[in-house]
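To keep things clear, I will list the structure first and then write my remarks on it.
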Amino acid sequence: MILIGKKVIPTPGRWRFPYVVSDNRVNGGAAVEAEVALLAQSAGTTLVALMATDAWRHARDGITRLWRRTQPERAETVTAEWEAGREDALAAVAADDRETLDELRLQWQGTVRRLLVARPAAIEELRALLDQLDPGGSAARQITQHATASGQARVYQAGRDQHIAER
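Residue numbering for the sequence shown follows the numbering used here, beginning at 1082 and increasing consecutively.
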């Protein structure tokens, strides 16, 4: 959508929520759009992944601090959404419900994107929070396995699924 005066014009491939940044360029220009979209996507994925882990409180506290500094009027609502989302994430993980997890990722992606659109200064603060929550990036995390076997013992190690059929 493009905002011209008070008229909203639908445009394919544009976000649903039009905005004008301080230099009066509609939607902030393609570079800003792409940066915000990628950061929001990364945040949605990281936050939902953390909801079902032991780090959920740390993530919740970071998100709450971010909103208190940037949109204090929404901080309590966002915290409540986090709590409800965590319950949904735990249930979805237990039931192997990928659809619900995808919906939660999209929900948080939208929530974060709206924050960044309204408060572009929050971009760097969000980046710092994500780096703090997921310092190496999930994909870059290295796992080292060690095993010791003696006598007739066997050791089976795998980085993912492992199927063993012994007779």
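We put the beta carbon where it would ideally sit given N, CA and C, even for glycine.
{"Check": "Going by Cα to Cα distance, which pick from L1207, V1236, R1146 is closest to E1116?", "Outcome": "L1207"}
{"Check": "Return the residue from the list G1240, T1181, T1160, T1151 that minimises the CA-CA distance to A1170.", "Outcome": "T1181"}
{"Check": "Within the same chain, show all residues whose beta-carbon is closer than 8 angstroms to that of V1174, passing over the 5 residues directly before and after it, in chain order.", "Outcome": "A1133, L1182"}
{"Check": "With a floor of 4 residues, list each alpha helix (DSSP H) that falls wholly inside the stretch 1149-1208, ordered by position along the chain.", "Outcome": "1156-1176, 1179-1199"}
{"Check": "Counting C-beta neighbours from all protein chains within 10 Å, is the total for G1167 16 or more, i.e. buried, or is it exposed?", "Outcome": "The sequence shown places Arg at residue 1167, not Gly. So R1167 ends up on the buried side."}
{"Check": "Quick one: Cα of W1189 to Cα of G1240, how far?", "Outcome": "29 angstroms"}
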